[in-house]
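Residue numbers (my numbering): 13 to 551.
Virtual Cβ for every residue (Gly too), placed ideally from N, Cα, C.
As the structure is a prediction and not an experimental result, all values here were calculated from the model.
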């Protein structure tokens, strides 16, 4: 029922379907879930809630509490589910109870994921988990509730990242958080240990240079870059705001599955290993937070996440044939895409400091949006659909370069963005960015009417990355180019920035003249064929 372009357009829904929690129809009927309420049972199977900044990459909190879709290297990595998990150990007189802080692993992962025929090596699938999970989306907050007959606690896991309309910079941070709240539901005092445990998923297969570095109350997974592959450079930090935290910076170095096996032994026995960083490679690391709860008491462990991957090998689109040779000056463009945050922060340490220092303020401001959004009288179906579509802003569908301008794919394939260039006859129909982050939307107009438009008024409907002048050898897109003119008016109405309008206005007039000459040569006021549009049909 869909033309091929429409299927491409659905690639963002890879993330959205997960957030909507649509289950396999052969197992669960639609009426088993009420819109805008919790997902349970088989409805959890495909929930994956994006956490991250606009143009900064993401991780996903799944409906079970698992971490997946780790895409922090400036591209989509749909199937990147590293061995990375939180755990709870409840101390007992005889045998401790230790559980991964997740619900049951969905059957499709056990039997259908890569390498499961070999027992799913390098995953945590074989470790004990909680009996039951449920998931509630309150964008940009997603909360997993966990229950287990062996654990005398109710556990909530809330994942989020800053999303503050009108504040694009704080909404573009390479950061997120997982808040683990433990409530003692028993009549006895409970001694327990929270831990977060992960293999170094930032390490690349070739070249070495990976290690695990310290950060206050946490650790940093780190990979060095090289002259030949600078894009390998990357860091991912885990840290808490609890000074009782103990960090094991390096798991046991052994063969086969030794490192994970011994790491789980330490978790199960509640051993608080305080191992300092070591030089060279480490298979993984753990941080531990011991705590005691009297009956009725609760405790929240705030696990802060931050990442930093300042280099890429992304360069898309063609250079304009008459582009001047690049010399030092404003006309020069980076040879490859550099993310916005690499211009804002010097390294992972700066990201961590900023995130730690501003956490409470950014959470409060983000909550204002959530409270206002969900206080709507719109039907639950509409609220959930809008919230699900907002998750695109936290996916690798959108990139943001160092000058603050955004640049977008049409969607995401499994391992890369799909259909480059902020395609004007696709993004022509988006409404969230202009109303929530109008300065980012104006940056799209800036690209369309400058780098992507020539002296005739012809607009290339796919802009280059890094943003720079491009070729004009293909047809223009009628809906995208005419829509851009209408959106200039919309952007002025939203912002009231008349100086911006005056600056861009000459280019807008040239664009309109081109549209009239090309698609209405007889002055009838009606577009004549052929005019390229979003259906990829030359009407």
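With a CB to CB cut of under 6 Å and the five nearest residues on each side skipped, what residues in its chain are close to residue i?
i, result
"residue 488", "470, 471"
"residue 549", "none"
"residue 393", "47"
"residue 75", "51, 56, 59, 147"
"residue 536", "none"
"residue 324", "86, 243, 348, 349"
Within 8 Å of any Cβ in chain B, is that where the Cβ of residue i sits?
i, result
"residue 163", "Of the chains in the structure shown, none is chain B; there is only one protein chain."
Along the chain, where does the alpha helix (DSSP H) that runs through residue i open and close?
i, result
"residue 378", "360 to 385"
"residue 121", "119 to 124"
"residue 496", "490 to 507"
"residue 401", "392 to 402"
"residue 464", "First-last for residue 464: undefined, no H or E at that position."
"residue 355", "352 to 356"
Looking at C-alpha atoms only, which residue of the options is the closest neighbour of residue i?
i, options, result
"residue 77", "99, 66, 67", "99"
"residue 442", "402, 468, 413", "402"
"residue 150", "195, 114, 547, 381", "381"
"residue 319", "519, 436, 354", "354"
"residue 158", "171, 170, 374, 144", "144"
"residue 359", "322, 367, 368, 378", "322"
"residue 115", "102, 106, 79", "79"
"residue 460", "484, 356, 280", "484"
"residue 193", "179, 383, 170, 184", "170"
"residue 180", "513, 448, 505, 512", "448"
"residue 216", "208, 233, 228", "233"
Specify, as a first and last residue, the run of the beta strand (DSSP E) that residue i falls within.
i, result
"residue 234", "230 to 235"
"residue 290", "From DSSP, residue 290 is part of no beta strand (DSSP E); its letter is neither H nor E."
"residue 202", "202 to 211"
"residue 319", "310 to 320"
"residue 523", "Run containing residue 523: none in the beta strand (DSSP E); it sits in the alpha helix (DSSP H), 510 to 531."
"residue 101", "96 to 102"
"residue 226", "222 to 227"
"residue 445", "Unbroken run through residue 445 is the alpha helix (DSSP H), 444 to 448; no beta strand (DSSP E)."
"residue 82", "79 to 83"
"residue 193", "187 to 196"
"residue 112", "109 to 112"
"residue 431", "Here residue 431 belongs to no beta strand (DSSP E), and DSSP marks it neither H nor E."
"residue 405", "No beta strand (DSSP E) contains residue 405, which DSSP labels as neither H nor E."
"residue 60", "60 to 63"
"residue 88", "First-last for residue 88: undefined, no H or E at that position."
"residue 73", "70 to 74"
"residue 418", "418 to 420"
Tell whether a beta-carbon distance below 8 Å holds between residue i and residue j.
i, j, result
"residue 418", "residue 64", "no"
"residue 251", "residue 230", "yes"
"residue 500", "residue 516", "yes"
"residue 282", "residue 210", "no"
"residue 294", "residue 389", "no"
"residue 147", "residue 154", "yes"
"residue 305", "residue 259", "no"
"residue 200", "residue 288", "no"
"residue 186", "residue 266", "no"
"residue 236", "residue 225", "no"
"residue 214", "residue 248", "yes"
"residue 440", "residue 519", "no"
"residue 366", "residue 86", "no"
"residue 414", "residue 492", "no"
"residue 72", "residue 136", "no"
"residue 198", "residue 310", "no"
"residue 184", "residue 369", "no"
Which same chain residues end up closer than 8 Å to residue i when comparing Cβ atoms and leaving out the 5 residues on each side of it in sequence?
i, result
"residue 40", "At residue 40, the pLDDT of 44 sits below 50, so the modelled position is not reliable; the number obtained from the coordinates is stated separately. 53, 54, 55."
"residue 396", "32, 47, 48, 149"
"residue 285", "258, 260, 278, 298, 300"
"residue 533", "540"
"residue 172", "63, 152, 153, 154, 188, 189, 191, 375, 378"
"residue 497", "520, 523, 524, 527"
"residue 371", "189, 253, 314, 316"
Sorted by chain position, which residues of the same chain lie with C-beta nearer than 7 Å to residue i's C-beta, five sequence neighbours on each side aside?
i, result
"residue 503", "446, 450, 453, 454, 457"
"residue 111", "99, 100, 140, 141, 142, 160, 163"
"residue 531", "490, 539, 540, 543"
"residue 314", "189, 191, 252, 253"
"residue 34", "Summary for residue 34: the model assigns pLDDT 36, below 50, so the residue's position carries little reliability; its value from the coordinates is reported in the next sentence. Around residue 34: 58."
"residue 329", "432, 433, 474, 475, 476, 477, 482"
"residue 203", "103, 304"
"residue 177", "381, 448, 449"
Check whether the Cβ of residue i sits closer than 7 Å to any heavy atom of the ligand GDP, and report yes or no.
i, result
"residue 438", "Looking at this structure, you won't find the ligand GDP or any other ligand, since it has none at all."
At what residue ranges does the segment 242 to 308 contain a whole run of the beta strand (DSSP E), taking only runs of 3 or more?
For the segment 242 to 308, whole beta strand (DSSP E) runs of length 3 or above, ordered along the chain, are 246 to 252, 258 to 260, 296 to 305.
Please list the segments of the beta strand (DSSP E) lying wholly inside the segment 126 to 172, counting only runs of 3 or more residues, in order along the chain.
144 to 150, 153 to 159, 165 to 172
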